[in-house]
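Structure first, commentary second.
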Amino acid sequence: MTDYRRIMSLLLEGRSYREIGAITACSQTTIRTAKRVIDAEGLTLDRVRRLTDAEIAGLFPDGRSRVKGEYDDPDFARVVTSFKKNQHFTLLQGWRSYTSRRSVLRKYGYSQYCALFNAYVRKHDLTAVLKHEPGKTMFIDWAGDTIDLVDAITGTITKAYLFVTVLPYSGYLWCRAFTDMRMPAWITAHVGAFEFYGGVPQLLIPDNALTASQRRERGDMTRWVTDRYQQLADHYGTSVFPTNVRSPKEKAAVESGVNVVNKRVIGYLAEDVWTSLDDLNAAIGERVREINHDIRRVDGSTRWERFSLDEAGRLGSLPADGFEEVEWRELKVQRNSHVTCDSQHYSVPYEHVGKLIRVRLTSSRVTGFDGQQIVCEHPRLLGRKGQYSTEATHLPDEYRNVDGLWSREWFLRRAGAYGAATALVIELLIDGRALEAQGFLDCRNVLDGLGKHNKVRLEAACQQIIDAGMTPSYTAIKRLMAVIDSDTKKPAPRRPAASTRKSRVRFEDTDGVDRAGSAAPAGALVRGADYYRRLDEQRGR
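Going from the sequence shown to our numbering is simple: count from 1 and add 8.
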């Protein structure tokens with residue numbers, strides 16, 4: 009229940025809305041409502057403190073109470089009992105039973121039903137009851153530390169984030185690396201975890217990832233499961249119960265699993281150089297197997313032994329079809345007969361160059377459509393950015409004979425206008441790919457992106473790459489151009505006010521012969537030795 013007395017007192021003490029929201033865990037809307045009542049009633053701090061609870065209730069009629077009265081209250085105590093007795097019971101079953109119950113009152117929707125159940129469990133401190141039974145729950149989190157993936161060609165570093173799941177009863181854990189923590193990775197990771205365990209627990213308990221749950225408004229203590237995550241849970245017949253950010257007790261099991269991964273997976277692998285996500289995940293799998301099968305706990309058992317004896321048989325069965333999240337995009341086919349999606353490149357038949365096609369993305373496949381017709385299909389590329397999936401049949405035999413397409417000759421002709429070094433580097437970029445078309449996008453980026461307004465600098469950078477025998481790449485050229493640009497902008501060194509250098513000056517003798525070579529102040533007229541010898545002879549006379 010909202011503590012309006014405290015909110016009004018804090019307002020009258022001069023506290024900011026941000027401070028009040030943090031102290032009382034209420035929304036900005038609630039604070040503004042209290043401010044309007046203060047202004048309308050002319051309340052002072054002393055008067056607010058003397059108001060009775062009934063008087064405050066009269067100032068803030070609770071419309072939500074009237075709305076709540078129109079809804080049928082679920083019997084969550086019965087739901088908790090069902091969880092205890094039936095290892096395969098889910099919140100979806102509880103909601104269906106609730107909605108089928110006859111009542112003149114309205115029924116809550118499924119998402120609100122789940123949110124209310126989560127609040128009920130926390131209020132009655134029932135999380136322990138629901139958590140540590142065999143096969144009951146799976147804890148989910150991202151490890152705090154990361155592992156670097158190094159591009160073998162460019163040296164670019166990409167962070168790999170480790171997704172961790174733990175079954176708290178047995179401690180049996182699973183881990184896999186991803187290049188981001190967005191929704192597709194979140195969904196793919198869950199599917200992989202279910203397949204690893206060979207079944208599905210009754211409850212999924214994620215540690216407050218934004219891909220799992222969110223608050224509808226600031227200050228709201230109820231967390232709502234995201235729609236896409238709820239679809240995954242429904243497909244596998246399980247329920248989602250986000251942990252309370254302020255309750256360390258609820259976080260203990262997952263944080264214990266994350267600590268194990270930090271020490272025995274990341275701690276072992278972070279020192280090595282990883283250039284492939286697949287290789288990294290293979291090494292992670294070996295470390296996880298050692299944790300589960302070889303490391304014995306205090307009671308002498310391993311995680312695997314406890315899981316296989318007590319827990320594996322109590323997991324829910326996997327559905328016949330795995331869950332695949334589908335995303336649709338509209339992409340233009342570029343002049344190299346490829347579309348680019350999430351920094352990866354997929355070939356399309358060259359007849360579609362310049363057209364917009366609809367692309368369907370799942371966790372494992374990329375499919376292109378022209379209308380209702382499938383025009384291309386590729387395995388989805390993961391890991392290092394800039395990879396190509398190219399079907400040779402999608403490319404014409406001779407690019408030069410097809411209007412509107414990039415070709416080797418077209419790029420070499422353009423590069424020749426920049427200089428011989430640029431032309432050679434462009435040729436190396438094309439020849440460095442398994443198929444010529446895979447190098448065309450890099451060529452376009454180099455010529456148009458780097459050289460359009462910096463032809464001289466691009467030619468100089470390409471010459472440095474050739475002289476050093478480097479493998480050319482967009483990143484390497486860009487880096488060298490930046491160095492060249494920095495060097496040209498350095499101010500010229502100032503000359504000292506007084507020079508210590510010796511000047512070559514002109515000597516004039518009275519006989520009209522010029523002699524040079526002796527040191528003297530610049531601009532001085534100095535008589536030679538012959539002049540003074542003749543002068544001495546005259547005086548001697």
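We put the CB at the ideal spot given by N, CA and C, even for glycine. In this text, all values refer to a predicted model and were calculated from it rather than measured experimentally.
Query - C-alpha distance - D156 paired with A278, whole-angstrom precision - result: 7 Å
Requested in this report: Taking 9 Å as the cut-off, decide whether the C-beta atoms of E203 and G330 are in contact.
Outcome: yes
Query raised in the report: Which ranges does the alpha helix (DSSP H) cover as unbroken runs of at least 4 residues, wholly within the stretch 24 to 102, from first to last along the chain?
Result: 25 to 32, 36 to 49, 53 to 58, 61 to 67, 71 to 77 and 84 to 93
Requested in this report: Output the distance between the C-alpha atoms of Y482 and A423, rounded to the nearest integer angstrom.
Outcome: 14 Å
Report task. Could you check how far apart the C-beta atoms of Q395 and Q352 are, in whole angstroms? I think they sit under 8 Å. Result -> 5 Å
Query raised in the report: Counting along the chain, where does the beta strand (DSSP E) carrying M146 start and finish?
Result: T145 to V158
Requested in this report: Closer than 7 Å by C-beta to I161: which residues in its own chain qualify, once you throw out the five before and the five after it? Chain order, please.
Outcome: T479 and S481
**Report entry** T318 versus Y169, P176 and D159, residue with shortest Cα-Cα distance
**Finding:** Reading off the sequence shown, one finds Asp at residue 318, where the question assumed Thr. For the residues Y169, P176 and D159, the minimum Cα distance to D318 belongs to P176.
Query - Reference K460, options G477, G447, Q446 and K486, closest by Cα - result: K486
Requested in this report: To the nearest angstrom, report how far apart L458 and I492 are at their CA atoms.
Outcome: 13 Å
Query raised in the report: CB-CB under 6 Å to F68, same chain, minus the five flanking residues each way: which ones, in chain order?
Result: Y12
Query - Beta-carbon proximity of P82 to Y116, cut-off 9 Å - result: yes
Report task. For A563, name the three-state secondary structure that DSSP assigns. Result -> The chain is shown only over 9 to 549; residue 563 falls outside these bounds and no answer can be derived.
Query raised in the report: Which first and last residues belong to the beta strand (DSSP E) in which T234 is found?
Result: No beta strand (DSSP E) holds T234; DSSP gives it neither H nor E.
Requested in this report: In angstroms with no decimal places, state the Cα-to-Cα distance between V341 and R184.
Outcome: 33 Å
Query raised in the report: Which class does R13 belong to by DSSP, given the choice of helix, strand or coil?
Result: helix
Query - Buried or exposed (CB count within 10 angstroms, at least 16 for buried), I46 - result: buried
Query raised in the report: What is the DSSP secondary structure of S395, reduced to helix, strand or coil?
Result: Checking the displayed sequence, the identity of residue 395 turns out to be Gln instead of Ser. In the structure shown, Q395 sits in coil (DSSP, three-state: anything other than H, G, I, E or B).
Query raised in the report: Considering only the beta carbon of each residue, do D159 and R114 sit closer than 9 Å?
Result: no
Requested in this report: Using three-state DSSP, classify H461 as helix, strand or coil.
Outcome: coil
**Report entry** Local Cβ density within 10 Å of T60, reported as buried at 16 or more and exposed below that
**Finding:** exposed
**Report entry** For H353, the first and last residue of its enclosing beta strand (DSSP E)
**Finding:** Q352 to S355
Query raised in the report: In chain order, what residues of the same chain lie with their CB nearer than 7 Å to the CB of R366, ignoring the 5 residues before and after it?
Result: W336, E338 and F377
**Report entry** Same chain only: Cβ atoms within 7 Å of G102, ignoring 5 sequence neighbours per side
**Finding:** V87 and S90
Requested in this report: Buried or exposed for L53, please, with buried defined as at least 16 other CB atoms from any protein chain shown within 10 angstroms of its CB.
Outcome: exposed
Requested in this report: Thinking A484 and I473 are a contact (beta carbons under 8 Å), I'd like their distance in whole angstroms, please.
Outcome: 7 Å
Query raised in the report: Between which two residues does the alpha helix (DSSP H) harbouring H301 extend?
Result: L285 to H301
Query raised in the report: Are there 16 or more other CB atoms within 10 angstroms of the CB of S108, so buried, or fewer, so exposed?
Result: exposed
Query - F186 - DSSP class collapsed to helix/strand/coil - result: strand
Requested in this report: Output the distance between the C-alpha atoms of S17 and G66, rounded to the nearest integer angstrom.
Outcome: 17 Å
Query raised in the report: How would you label G391, buried or exposed, when you count the other beta carbons within 10 angstroms and need 16 or more for buried?
Result: buried
Report task. Give the DSSP-derived three-state secondary structure of R422 in the structure shown. Result -> helix
**Report entry** CA-to-CA distance, E332 to Y358, given in whole angstroms
**Finding:** 29 Å
Query raised in the report: Under a three-way DSSP split, which group does D280 fall into?
Result: coil
Query - Under the three-state DSSP convention, the category W336 falls into - result: strand
Requested in this report: Counting only the same chain and skipping the five closest in sequence on each side, list residues whose C-beta sits under 6 Å from that of L369.
Outcome: E335
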